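Count along the sequence shown starting at 1, add 419, and that's the number in our numbering.
All residues carry an ideal CB built from backbone N, CA and C; glycine is no exception.
Given the structure is predicted, the values throughout are model-derived calculations rather than measurements.
As structure tokens, the structure follows; a few thoughts come after it.
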Amino acid sequence: EPPASTWDGRGVSDSDHHDSLFKLAFSNPASGGALLRAVLPQALAERVDWSSLSQRSVSFTDPNHRKVEGDLLFSADVDGREALFYFLVEHQSSMDATMAWRVWRYVTRIWDWYVGESKAAPTLPLVVPVVVYHGERRWTAARSVAALIDVDEALAASSPELVPDLHYVLEDLMQLDVSDLRARRLPAFATVALWALRTASDRGFATTAAELADLFDALREAPDAPRALWAIFSYLSTISGAEENLVGVVAGQLSEPVREDVMDLVENFAEQKKEEGRAEGRRGLLLKQLTLKFGSPSDEVEARVAAASLEDTERWAERILTATTLDEVFADGEKT
Numbered sequence: 420e421p422p423a424s425t426w427d428g429r430g431v432s433d434s435d436h437h438d439s440l441f442k443l444a445f446s447n448p449a450s451g452g453a454l455l456r457a458v459l460p461q462a463l464a465e466r467v468d469w470s471s472l473s474q475r476s477v478s479f480t481d482p483n484h485r486k487v488e489g490d491l492l493f494s495a496d497v498d499g500r501e502a503l504f505y506f507l508v509e510h511q512s513s514m515d516a517t518m519a520w521r522v523w524r525y526v527t528r529i530w531d532w533y534v535g536e537s538k539a540a541p542t543l544p545l546v547v548p549v550v551v552y553h554g555e556r557r558w559t560a561a562r563s564v565a566a567l568i569d570v571d572e573a574l575a576a577s578s579p580e581l582v583p584d585l586h587y588v589l590e591d592l593m594q595l596d597v598s599d600l601r602a603r604r605l606p607a608f609a610t611v612a613l614w615a616l617r618t619a620s621d622r623g624f625a626t627t628a629a630e631l632a633d634l635f636d637a638l639r640e641a642p643d644a645p646r647a648l649w650a651i652f653s654y655l656s657t658i659s660g661a662e663e664n665l666v667g668v669v670a671g672q673l674s675e676p677v678r679e680d681v682m683d684l685v686e687n688f689a690e691q692k693k694e695e696g697r698a699e700g701r702r703g704l705l706l707k708q709l710t711l712k713f714g715s716p717s718d719e720v721e722a723r724v725a726a727a728s729l730e731d732t733e734r735w736a737e738r739i740l741t742a743t744t745l746d747e748v749f750a751d752g753e754k755t
């Protein structure tokens with residue numbers, strides 16, 4: 420069977436496939452903690468009580484007034500105090516030169532959320548941002564807010580308290596080879612997920628799958644094997660260009676049992692894509708029929724049709740023939 424309902428059995432979505440894969444691989448404390456231990460400064464990592472690590476759910480409005488579901492936020496005790504660790508997955512083809520400022524704004528919004536949650540917090544927790552980058556070019560952007568502020572060096576040195584600052588931790592996947600990824604000592608799925616993210620910006624990296632064949636075998640034997648394999652290969656399918664076949668390139672380097680499982684998943688994935696296409700076509704036709712009979716549909720009607728199943732659209736399309744109002748079309752639900 421395909422993955423659980425988190426992804427509706429369709430694998431990663433086209434719009435946020437990078438984030439989806441990262442969250443699935445690292446949202447549990449075991450994987451998230453392993454990555455944090457690998458990338459944090461040793462002096463900090465040694466002070467974290469890793470047994471206290473837990474994921475936190477947070478959402479806030481970004482600087483462009485869009486609602487953001489935090490990429491991944493964890494909390495843990497550091498020297499007996501609560502600290503927050505924030506993962507931000509950066510997958511733009513070109514790096515953001517002002518990333519430090521962007522991270523600053525995210526951190527302040529996390530603090531806003533924290534104060535709202537704790538109601539009367541007299542202090543703010545340490546927030547450690549970790550940027551996971553897998554763009555095409557080497558990351559050279561400033562890693563601190565202070566580096567972006569245009570101020571005379573002598574003045575900054577003499578009055579450092581006047582120059583705000585914040586640093587972020589960078590994990591530049593494009594600078595890592597397979598041996599580097601394995602050296603992170605992450606769970607099998609987490610390692611393969613980072614490898615797949617790395618492959619998204621360097622298609623040639625797909626030829627190194629053989630070096631991870633044992634981890635793909637381990638995925639196949641894991642309790643959530645179908646979900647993990649589905650996540651990896653639906654991601655590879657999503658990022659493949661018109662002339663590419665990343666799924667075939669990768670599967671061809673793996674053991675026969677894994678290849679057979681992958682081929683079954685690919686057939687399932689292709690059939691579901693066809694089903695999605697049929698459903699989307701029916702939704703479009705239904706909206707045209709509603710428009711012709713009742714005029715331009717409201718935003719609520721469009722949203723309802725967009726979320727409808729193939730069975731819903733077929734049932735509603737039949738009702739249009741005899742219905743005199745929208746309520747009669749959608750009689751099995753709330754009035755429109």
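Identify which residue in the options has its Cα closest to the Cα of residue i.
{"i": "residue 739", "options": "713, 522 and 635", "result": "713"}
{"i": "residue 564", "options": "600, 598, 525 and 717", "result": "525"}
{"i": "residue 602", "options": "579, 630, 441 and 679", "result": "630"}
{"i": "residue 528", "options": "571, 478 and 576", "result": "478"}
{"i": "residue 491", "options": "685, 594 and 443", "result": "443"}
{"i": "residue 440", "options": "566, 649 and 644", "result": "649"}
If we call anything under 8 Å between Cβ atoms a contact, is residue i one with residue j?
{"i": "residue 533", "j": "residue 545", "result": "no"}
{"i": "residue 562", "j": "residue 516", "result": "no"}
{"i": "residue 619", "j": "residue 651", "result": "no"}
{"i": "residue 732", "j": "residue 701", "result": "yes"}
{"i": "residue 600", "j": "residue 550", "result": "no"}
{"i": "residue 548", "j": "residue 592", "result": "no"}
{"i": "residue 641", "j": "residue 669", "result": "no"}
{"i": "residue 585", "j": "residue 530", "result": "no"}
{"i": "residue 736", "j": "residue 705", "result": "yes"}
DSSP on residue i, reduced to helix/strand/coil?
{"i": "residue 585", "result": "coil"}
{"i": "residue 501", "result": "strand"}
{"i": "residue 473", "result": "strand"}
{"i": "residue 495", "result": "strand"}
{"i": "residue 640", "result": "helix"}
{"i": "residue 569", "result": "coil"}
{"i": "residue 564", "result": "coil"}
{"i": "residue 506", "result": "strand"}
{"i": "residue 381", "result": "Outside the displayed range of the chain (420 to 755) lies residue 381, so it cannot be described from this structure."}
Take residue i and list the residues in its own chain whose beta-carbon comes closer than 6 Å to its own, dropping the five residues that flank it on each side.
{"i": "residue 667", "result": "none"}
{"i": "residue 560", "result": "514, 516 and 518"}
{"i": "residue 451", "result": "445 and 493"}
{"i": "residue 552", "result": "509, 558 and 591"}
{"i": "residue 475", "result": "492 and 494"}
Could you give the first and the last residue of the continuous beta strand (DSSP E) run that contains residue i?
{"i": "residue 549", "result": "545-552"}
Grab me the residues of residue i's own chain with a C-beta within less than 8 Å of its C-beta, minus the 5 sequence neighbours each way, in chain order.
{"i": "residue 365", "result": "The question about residue 365 has no answer, for the chain in this structure spans 420 to 755."}
{"i": "residue 473", "result": "448, 493, 494 and 495"}
Can you list, in chain order, the residues of its chain with a C-beta nearer than 7 Å to that of residue i? Leave out the 5 residues immediately preceding and following it.
{"i": "residue 676", "result": "639"}
{"i": "residue 568", "result": "582"}
{"i": "residue 636", "result": "674 and 677"}
{"i": "residue 438", "result": "490 and 508"}
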